[in-house]
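Have a look at the structure below, then the notes.
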Amino acid sequence: MTTIGLLYDVIRWEEKALIKAARDKGINITPIDTDNLFLSVNTDGGPEFGDVILQRCVGYYRAVHLTAILQAKGKLVINPLDVALTCGNKLLTTLALMNAKVPTPKTIVAFSPESALRALDTVVGYPAVLKPVTGSWGRLVALLNDRESAEAIMEDRSYMFPLYQIFYVQPKVNRPPRDIRTVVIGDEAVAAIYRYSAPGQWKTNTALGGKAVACPITSELEEISLKAAKAVGGGVLGIDCMESPEGLLVHEVNNTVEFKNTVPTTGVNIQGLIIDYAVNLAKH
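For the sequence shown, counting from 1, position 235 maps to 249 in the working numbering; every step adds exactly one.
Rendered as structure tokens:
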């Protein structure tokens, strides 16, 4: 019988749902609190994690370092290291999408406040959006309405950790007050939701109070979601799209996808489908 290891740093709704789904199916699943782990890098062996490992750590850096060690020891991890690295960095995601010809917002990257401001003045225009290359839940994503606000925010970032001094800038897309999150498992788009901005908020993240509403999976949405998932390496992913005047644009791909709002909204048993995917992957 297949045994699944589930790595976590915080037990959220999703991890509880995955554990319950596995046990309901009679599948052995072992939750592993990564706070209690230490691993030898240069010797074989170590703790038994199971036939397949679901990497569910919230912390990006912890997740990629753990995944790197486990893969080096021959473990099967969902999602693999290359997928985690790409999805955890917005610039790497954009490059992967561009290489696969997946529509994505126009993006400018600069390495000093001065060059970022010059790009805004001459190429991007206002309003624009400044995003950290690594981060989630809409944190430190800033709306730049004009030169004055851009100067203030750029100065602020110039005193932060060097990662935040990589200025990843996009024009603000003319879209409805919502975006679309599609959950892709393997080669199937299994569920989608609209994420509507909370009152007085321009960001659509449900972590910031956004509202989830079921979204039909049209042929266009399915095609772009599967293409985006393939571009970053595939697995269990959340594909975020915006509805622009030119059509759907993929602006982010999530490696450790959250689905606590998607399951009750759509009625799709995402946790069960993830367990099935993990078992099938382990068998083949």
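We treat Cβ as the ideally placed atom computed from N, Cα and C, and that holds for glycine.
Between residue 91 and residue 292, the alpha-carbon positions lie close to 9 Å from each other. The beta carbon of residue 130 sits closer than 7 Å to the beta carbons of 124, 168, 181, 183 from its chain, once the five residues preceding and following it are set aside; these are given in chain order.
Secondary structure note for residue 144: its beta strand (DSSP E) is the uninterrupted segment 142-145. In this structure residue 218 is in contact with residue 192, their Cβ atoms being roughly 6 Å apart against a cut-off of 8 Å. A Cβ-Cβ distance of about 15 Å is found for the pair residue 241 and residue 97, leaving them out of contact under the 8 Å criterion.
Contact between the stretch 193-204 and the stretch 152-169 is absent: fewer than 3 CB-CB pairs across the two stretches fall below 8 Å.
For residue 180, the secondary structure class from DSSP, reduced to helix, strand or coil, is coil.
In the structure shown, the three-state DSSP call for residue 278 is helix. Approximately 7 Å separates the beta-carbon atoms of residue 113 and residue 245; this is inside 8 Å, confirming the contact. In the structure shown, residue 227 falls within a strand segment according to DSSP collapsed to helix, strand and coil. Residue 66 and residue 178 have their C-alpha atoms roughly 35 Å apart. One alpha carbon belongs to residue 230, the other to residue 206, and they sit about 7 Å apart. For residue 296, the CB contacts under 6 Å within the same chain, skipping 5 residues up- and downstream, are 16, 65, 66 in chain order.
If you ignore the 5 residues before and after residue 266, its C-beta comes within less than 6 Å of the C-beta of 254, all in its own chain and listed in chain order. For the set 289, 298, 294, the Cα lying nearest the Cα of residue 30 is the one of 289. Relative to residue 28, the option among 21, 294, 274 whose CA is nearest is 274. Runs of the alpha helix (DSSP H) lying entirely within the stretch 69-98, each at least 4 residues long, are 74-86 in chain order.
Here residue 168 carries a helix assignment [DSSP, helix/strand/coil]. Linking residue 163 to residue 194 through their CA atoms gives a straight-line distance of about 28 Å.
Residue range 284-297 is occupied by the alpha helix (DSSP H) that includes residue 294. Per DSSP, residue 192 lies in no alpha helix (DSSP H) segment; the continuous beta strand (DSSP E) that holds it begins and ends at 192-199.
Closest in C-alpha terms to residue 103, from the list 88, 75, 87, 83, comes 75. Taking all protein chains shown into account, residue 173 has fewer than 16 neighbouring C-beta atoms within 10 Å of its C-beta and is therefore exposed.
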